[in-house]
Amino acid sequence: MKIPSHIAIIMDGNGRWAVERGLPRKQGHIAGVNAFKKIIIKAAELGVRALTVYAFSTENWNRPRTEVDFILNLFQKTLLKQADELFKNNVKVKVIGRRNGLSRALTNTIEKIEEMTAGNKGIQLNIAFNYGGRAEIVDMVKKIVNDFAVNNETNISLTEQDINRYLYNPGLADVELLIRTGGERRLSNFLLWQSAYTELCFFDKYWPDFTAEDLVSAIKIFQQRERRFGGLNKVGEDCVD
Numbered sequence: 594m595k596i597p598s599h600i601a602i603i604m605d606g607n608g609r610w611a612v613e614r615g616l617p618r619k620q621g622h623i624a625g626v627n628a629f630k631k632i633i634i635k636a637a638e639l640g641v642r643a644l645t646v647y648a649f650s651t652e653n654w655n656r657p658r659t660e661v662d663f664i665l666n667l668f669q670k671t672l673l674k675q676a677d678e679l680f681k682n683n684v685k686v687k688v689i690g691r692r693n694g695l696s697r698a699l700t701n702t703i704e705k706i707e708e709m710t711a712g713n714k715g716i717q718l719n720i721a722f723n724y725g726g727r728a729e730i731v732d733m734v735k736k737i738v739n740d741f742a743v744n745n746e747t748n749i750s751l752t753e754q755d756i757n758r759y760l761y762n763p764g765l766a767d768v769e770l771l772i773r774t775g776g777e778r779r780l781s782n783f784l785l786w787q788s789a790y791t792e793l794c795f796f797d798k799y800w801p802d803f804t805a806e807d808l809v810s811a812i813k814i815f816q817q818r819e820r821r822f823g824g825l826n827k828v829g830e831d832c833v834d
């Protein structure tokens, strides 16, 4: 059976998981990191080629400052702590999103782990941090306009392949399966360009409770769906999606 080459996950519900247990919200984020470690291992075992996770959005800056600071510090500590293990397990790490607004210490850590794992050939782990789908498209357009201006080109002719080269992670395959936990049914500004034909799979459970078995269940749901990309289904019926 086909394993989706690129899986994306909106890891939602850390704070609610903690609150419902009478715990500080930061304990939910810690539990979320522990859940993530198990999922990256399972995804690699299954042969998934790329895994993109939504760790911190451009809108998350609107949360209380204490929570934002905790998430930023937790992210940096997690990268530092897991760098050697990710390298040894042949994981290639790429952090996508805007670097402005992040501390120099955090950006240095991001650059270090990206450089350390750049030559790895196993699963590619993309961490969307300070990321927004619309922000990515805006930044992409700015780069294209700038390049055309530098080259004094006035006849702008673009293909989808051209646009892909200007995204945060050029050359990355489109998302085939997008999973969201936490009970919500929306994309929340995540990988808008890359998810045009993704299969969506929603879980009511919060992210800290998401298991390797749940990942397998989501992949099984994906395998049961017929992906037609606007063509015909098996009996020749028209399809608009």
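One rule links them: number in our numbering = place in the sequence shown (from 1) + 593.
From the three backbone atoms N, C-alpha and C, an ideal C-beta is built for every residue, glycine too.
- prompt: Do you know how far the Cα of residue 821 is from the Cα of residue 690?
  reply: As a first step, residue 690 must be located in the sequence shown, where it is residue number 97. As a first step, residue 821 must be located in the sequence shown, where it is residue number 228. Going by the C-alpha atoms only, they are around 31 angstroms apart.
task: Identify whether residue 707 lies in helix, strand or coil by the three-state DSSP scheme.
output: Locating residue 707 in the sequence shown gives position 114, counting from the first residue. The answer is helix: DSSP assigns residue 707 an H, G or I state.
message: Just verifying my parser: in three-state terms, what is the DSSP assignment at residue 731?
response: Counting from one through the sequence shown, the residue named residue 731 turns up at place 138. Here residue 731 sits in helix by DSSP.
message: As an exercise, report each continuous alpha helix (DSSP H) stretch of at least 4 residues that is fully enclosed by the segment 599-662, in chain order.
response: Segments of the alpha helix (DSSP H) lying fully in the segment 599-662: 607-612, 618-639.
field: Member of 655, 638, 720 whose CA lies at the smallest distance from the CA of residue 671
entry: As a position in the sequence shown, residue 671 is number 78, starting the count at 1. For the options 655, 638, 720, the alpha carbon positioned closest to that of residue 671 is the one of 720.
- request: For residue 745, name the three-state secondary structure that DSSP assigns.
  value: Taking the sequence shown and counting its residues from 1, one reaches residue 745 at position 152. Residue 745 falls in the coil class under three-state DSSP.
- request: Can you give me the start and stop residues for the beta strand (DSSP E) that residue 721 sits inside?
  value: Position 128 of the sequence shown, counted from the start, is the residue given in the question as residue 721. The continuous beta strand (DSSP E) containing residue 721 extends over residues 717-724.
- prompt: Is there contact here, the segment 672-692 with the segment 653-662, by at least three beta-carbon pairs under 8 angstroms?
  reply: no
field: Residues sharing a beta bridge with residue 665, DSSP
entry: Counting from 1 along the sequence shown, the entry for residue 665 is found at position 72. Answer is none; residue 665 lacks a bridge partner.
field: Closer than 8 angstroms to chain C by CB, residue 645
entry: Considering every chain present, this structure includes no chain C. It has just one protein chain.
- prompt: Excluding the five sequence neighbours on either side, which residues of its own chain have a C-beta within less than 7 angstroms of the C-beta of residue 695, listed in chain order?
  reply: Position 102 of the sequence shown, counted from the first residue, corresponds to residue 695. Excluding its 5 nearest sequence neighbours in each direction, residue 695 has C-beta neighbours in its own chain below 7 angstroms: 723, listed in chain order.
- prompt: From what residue to what residue does the alpha helix (DSSP H) around residue 808 run?
  reply: The count along the sequence shown starts at 1 and reaches residue 808 at position 215. Unbroken alpha helix (DSSP H) run through residue 808: 805-817.
message: Taking the alpha carbon of residue 666 as the reference point, which residue from 699, 639, 648 has its own alpha carbon closest?
response: Translated into positions along the sequence shown, residue 666 becomes position 73. Checking every option, the nearest Cα to that of residue 666 belongs to 699.
query: How big is the Cα-Cα spacing for residue 734 and residue 616?
result: Along the sequence shown, read from residue 1 onward, the residue named residue 734 stands at position 141. Along the sequence shown, read from residue 1 onward, the residue named residue 616 stands at position 23. Each residue's Cα considered, the two are about 43 angstroms apart.
message: By the DSSP assignment, the beta strand (DSSP E) with residue 689 in it spans what residues?
response: Residue 689 sits at position 96 when you count from the first residue of the sequence shown. From DSSP, the beta strand (DSSP E) with residue 689 extends over 685-689.
- prompt: Rounded to a whole number of angstroms, what is the C-alpha to C-alpha distance between residue 769 and residue 715?
  reply: Here residue 769 refers to the residue found at position 176 of the sequence shown. Here residue 715 refers to the residue found at position 122 of the sequence shown. If I take the Cα positions, the gap works out to 18 angstroms.
query: With burial defined as no fewer than 16 other Cβ atoms inside 10 Å of the residue's Cβ, what is the status of residue 743: buried or exposed?
result: Working through the sequence shown from its first residue, we reach residue 743 at position 150. Exposed.
message: If I follow the unbroken beta strand (DSSP E) through residue 753, where does it start and stop?
response: Position 160 of the sequence shown, counted from the first residue, corresponds to residue 753. From DSSP, residue 753 is part of no beta strand (DSSP E) but of the alpha helix (DSSP H) over 753-757.
query: Excluding five sequence neighbours on each side, which residues of the same chain lie with their C-beta closer than 6 angstroms to the C-beta of residue 795?
result: Position 202 of the sequence shown, counted from the start, is the residue given in the question as residue 795. Taken in chain order, the residues that qualify are 773, 778.
task: Please report the residue range of the beta strand (DSSP E) in which residue 835 lies.
output: Outside the shown range of the chain (594 to 834) lies residue 835, about which nothing can therefore be said.
field: 8 angstroms contact criterion, which residue 702 and residue 675 should meet: CB distance rounded
entry: Here residue 702 refers to the residue found at position 109 of the sequence shown. Here residue 675 refers to the residue found at position 82 of the sequence shown. At roughly 11 angstroms, the Cβ-Cβ gap does not stay under 8 angstroms, so residue 702 and residue 675 are not in contact.
query: residue 578: which of 648, 732, 728 sits nearest, CA to CA?
result: Lying before the first or after the last residue shown, residue 578 is absent from the chain, which here runs from 594 to 834.
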